[in-house]
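Here the structure is laid out as structure tokens; the discussion comes afterwards.
Written out as structure tokens, the structure is:
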């Protein structure tokens with residue numbers, strides 16, 4: 001039960017390492033720790049912030065232990081802070097099912 005990564009078809013092994021290192025950030029250090037983590041990655045891989053976030057944006061990150069309560073879809077992640085937040089929820093609903101439930105409720 002962890003963060004899973006699905007790189008795009010154009011990404012190479014180095015890009016996947018960048019993504020894995022980015023998602024390895026533990027949220028215990030707060031915002032300042034996150035900024036240090038991002039800056040350290042830029043230094044380690046000798047890339048700019050723009051390239052770092054472009055690389056991360058191409059790699060789909062998700063939790064394999066948080067699933068939509070209706071359809072079972074995996075929980076996508078946008079930032080490392082999503083990890084503890086999504087795991088702390090009692091249930092989660094994907095956008096597609098959330099929209100379907102909203103439509104059903106409003107069409108009554």
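Residue numbers (my numbering): 1 to 108.
Don't be surprised by glycine CBs; every beta carbon is placed ideally from N, CA and C.
Comparing C-alpha distances from residue 84 to each of 9, 23 and 6 shows the shortest one belongs to 23. Leaving aside the five residues that flank residue 68 on each side, the residues in its chain whose CB is nearer than 7 Å to its CB run, in chain order, 92, 93, 94 and 97. DSSP places residue 36 in the uninterrupted alpha helix (DSSP H) bounded by 30-45.
A contact between stretches requires three or more CB pairs, one per stretch, nearer than 8 Å, and the segment 63-79 fails this requirement with the segment 40-54. Residue pairing by DSSP places residue 61 opposite 5 in a beta bridge.
In the DSSP assignment, residue 75 forms a beta bridge with 63. A distance below 6 Å between beta-carbons, with the five flanking residues on each side excluded, links residue 59 to the following residues of its chain, in chain order: 5, 7 and 19.
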